[in-house]
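Q: Going letter by letter, the sequence shown gives residues 275 to 652 in my numbering. Please find one structure pasted underneath; my questions will follow.
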Amino acid sequence: MTTTSTERPATDLLYSEQEEFLRETVRDVLNKGCDWTAVLALTESESSLDRTLWRTLAADVGGAALALPEDVGGAGASWRETAVLLEELGRSIAPVPYLGSAGVATVYAQQIGAADLLTKLAAGDMIAAVAVPAGAPWFRPLEPTVTVTDSTLTGAVATVADASAADTLLVPVGEDTYLVEVAAAGVRCTPVVSLDETRPLVDIEFNAAPGRRLESSRPAGAATAAALRAGAALLASEQLGLAEHCLAATVEYLGVRRQFGRVLGSYQALKHRLADLWVQINQARAAARYAAHCLATGSDDLDVAAAVAHSWCSEVAVHAAEEYVQLHGGIGFTWEHPAHLYLKRAKSSMLMFGGPDVHRTHLAGLIDLPFPTVENIR
């Protein structure tokens with residue numbers, strides 16, 4: 275069949291052999307070093323970050339370098355491979371700052387052309403975070419909360435994700451970007467009590483903190499928007515992996531748990547619930563894969579793809595986690611079962627980068643969908 279100028283070529287969203295090999299490698303690492311009991315123990319400790327696991331994934335496996343070009347020490351792959359790794363992190367609710375550092379901060383550094391910073395990020399030698407609120411959507415300008423005087427920063431940024439593990443902060447101030455060391459004088463990170471302790475939030479205060487202005491090829495506002503949009507697109511893959519685990523674990527449990535003399539999985543009502551969830555997860559996979567593909571190829575459709583992926587995958591992940599809890603019965607509601615960790619991650623992820631309703635409203639504007647009125651409903 276000949277493709278005409280009016281036809282769009284089909285997008286291959288299937289996983290490649292290289293992506294499947296990466297998945298197997300990462301899954302093997304997580305199976306050995308990220309048991310849910312260890313994750314739960316970390317949430318009850320002073321630091322919920324598993325630095326040993328982070329070092330293995332970022333440096334030894336090369337996860338931090340996947341989407342970066344070889345001239346800055348990257349692996350020369352793409353964001354599709356990064357999305358596959360995130361699927362596995364979601365499946366294991368891994369307590370590592372991968373999304374914030376290897377995702378959002380890396381895209382920000384790419385946008386401003388910070389080659390030296392990218393080299394350190396690719397090697398896994400640095401953990402970076404962009405100092406913006408975790409719930410900020412990419413399509414809304416941020417209110418300025420930090421000012422600069424003689425290369426020192428003053429102000430505050432609330433609820434920053436993955437900053438508790440960061441060595442370095444990328445702070446957008448107006449149209450400039452400042453590099454601030456977390457350990458520098460005048461920087462204070464205060465933990466926020468949050469629902470998901472595997473992805474902690476902190477409030478950051480700058481009190482005449484020394485910062486270095488980075489030479490930038492793009493204004494900070496544009497770089498921030500691009501980084502947050504990439505974060506939303508990549509988060510969908512993490513949510514997909516989480517949902518897949520919840521479904522698989524629930525199916526396994528219902529296949530062996532007996533009640534009233536029957537295996538629970540033999541009840542038709544439960545089969546229907548799981549079948550509906552399976553359909554939703556497959557729809558979520560298509561949305562997440564397309565968003566990752568658009569990010570990897572620089573597609574003009576990225577805005578639409580990211581909004582669709584985040585709004586749909588957020589709700590599917592929460593639904594899957596709720597079914598995980600409910601269909602495990604009494605044990606699913608206890609602290610001694612991992613279901614609560616998945617539900618917390620799903621609920622908190624839903625609110626990152628703006629909630630589903632915010633993204634659907636933005637999506638309606640992108641595709642010129644009219645707001646419902648009495649006239650157009652008729």
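The beta carbon of each residue, even a glycine, is placed where N, CA and C say it ideally should be.
Put residue 543 into one of helix, strand or coil per three-state DSSP.
A: DSSP places residue 543 in helix when its eight states are reduced to three.
Q: At which residue ranges does the region 321 to 380 contain complete beta strand (DSSP E) runs of 3 or more residues, listed in the order of the chain?
A: With a minimum length of 3 residues, no continuous beta strand (DSSP E) run stays inside the region 321 to 380.
Q: How many angstroms separate the CA atom of residue 365 from the CA atom of residue 526?
A: Using only the alpha carbons, I get a separation of about 15 Å.
Q: Could you check which residue in 622, 621, 611, 581 has the C-alpha nearest to that of residue 636?
A: The option with the nearest alpha carbon to residue 636 is 581.
Q: For a test of the three-state rule: what should DSSP assign to residue 289, helix, strand or coil?
A: In this structure, residue 289 counts as coil in the three-state DSSP scheme.
Q: Considering only residues of the same chain and omitting the five flanking positions on each side of residue 343, which have a CB-CB separation below 7 Å?
A: Counting only Cβ-Cβ distances below 7 Å, and skipping sequence neighbours, we find 350.
Q: Since residue 348 and residue 383 are thought to touch, with beta carbons under 8 Å apart, how far apart are those beta carbons, to the nearest angstrom?
A: In fact, because the Cβ distance is near 12 Å, the residues do not count as touching under 8 Å.
Q: Would you say residue 557 and residue 492 are within 8 Å of each other, going by their C-beta atoms?
A: Taking 8 Å as the Cβ cut-off, residue 557 and residue 492 do not qualify as a contacting pair.
Q: Going by C-alpha distance, which of 323, 359, 332 is nearest residue 293?
A: Of the candidates 323, 359, 332, the one whose C-alpha sits nearest the C-alpha of residue 293 is 359.
Q: Could you name each continuous alpha helix (DSSP H) segment of 4 residues or more that falls completely within the region 583 to 627, going from the start of the chain to the end?
A: Counting only runs of 4 or more, we get 613 to 624.
Q: I need the DSSP call for residue 294, collapsed to helix, strand or coil.
A: Here residue 294 sits in helix by DSSP.
Q: Extract the residue ranges of the beta strand (DSSP E) inside the region 378 to 405, only unbroken runs of 3 or more that lie entirely within it.
A: Correct list: 402 to 404.
Q: To the nearest angstrom, how far is the alpha carbon of residue 276 from that of residue 336?
A: At residue 276 the pLDDT is 43, less than 50, meaning the model places this residue with poor confidence and gives no usable figure here.
Q: From the DSSP output, in three-state form, read off residue 472 for me.
A: Here residue 472 sits in coil by DSSP.
Q: Report yes if the C-beta distance between residue 250 and residue 415 is below 8 Å; otherwise report no.
A: This structure cannot settle anything about residue 250, because the visible part of the chain is limited to 275 through 652.
Q: Measure the Cβ-Cβ separation of residue 512 and residue 361 and say whether it is below 8 Å.
A: In contact: residue 512 and residue 361 (Cβ atoms closer than 8 Å).
Q: How about the region 605 to 614 and the region 579 to 594: do they share at least three Cβ pairs that are nearer than 8 Å?
A: Touching, no.
Q: How many Å lie between residue 470 and residue 517 at the Cα?
A: About 16 Å.
Q: Going along the chain, which residues of its own chain have a beta-carbon closer than 6 Å to the beta-carbon of residue 520, five neighbours each way excluded?
A: Answer for residue 520: 594, 595, 598, 616, listed in chain order.
Q: Would the region 404 to 419 and the region 481 to 489 be scored as touching if the rule is three or more Cβ pairs under 8 Å?
A: They do not touch, by the three-pair rule.
Q: According to DSSP, is residue 448 part of a helix, a strand, or is it coil?
A: Looking at residue 448 - three-state DSSP - the assignment turns out to be coil, as it is neither helix nor strand.
Q: Starting from residue 419, trace the alpha helix (DSSP H) in both directions and tell me its first and last residue.
A: No alpha helix (DSSP H) contains residue 419, which DSSP labels as neither H nor E.
Q: If contact is defined by three or more beta carbon pairs under 8 Å, each pair taking one atom from either stretch, is the region 368 to 379 in contact with the region 429 to 436?
A: Yes, the region 429 to 436 is in contact with the region 368 to 379.
Q: In chain order, what residues of the same chain lie with their CB nearer than 7 Å to the CB of residue 449, ignoring the 5 residues before and after it?
A: Contacts found: 493, 494, 495.
Q: Give me the Cα-Cα distance between residue 439 and residue 401, rounded to the nearest whole angstrom.
A: Rounded to whole angstroms, residue 439 to residue 401 spans 7 Å at the Cα level.
Q: Kindly give me the distance between the Cβ atoms of residue 508 and residue 357, rounded to whole angstroms, as I take these residues to be in contact under 8 Å.
A: Correct: roughly 6 Å between the Cβ atoms.
Q: Any idea if residue 394 is buried or exposed, counting beta-carbon neighbours within 10 angstroms, 16 or more meaning buried?
A: Its Cβ being crowded by 16 or more others within 10 Å, residue 394 is buried.
Q: Count the other CB atoms, across all protein chains shown, that sit within 10 Å of the CB of residue 567; report buried if there are 16 or more and exposed otherwise.
A: Classification for residue 567: buried.
Q: Check whether the region 621 to 635 touches the region 401 to 413, counting contact only when three or more Cβ pairs, one atom from each stretch, lie closer than 8 Å.
A: Verdict: yes, contact present.
Q: Going by DSSP, what residue range makes up the beta strand (DSSP E) through residue 503?
A: Unbroken run through residue 503 is the alpha helix (DSSP H), 494 to 528; no beta strand (DSSP E).
Q: Report yes if the C-beta of residue 317 is less than 7 Å from at least one heavy atom of the ligand HEM; otherwise report no.
A: Looking at this structure, you won't find the ligand HEM or any other ligand, since it has none at all.
Q: Could you check what DSSP says for residue 567 in three-state terms: helix, strand or coil?
A: If DSSP states are grouped into helix, strand and coil, residue 567 belongs with the helices.
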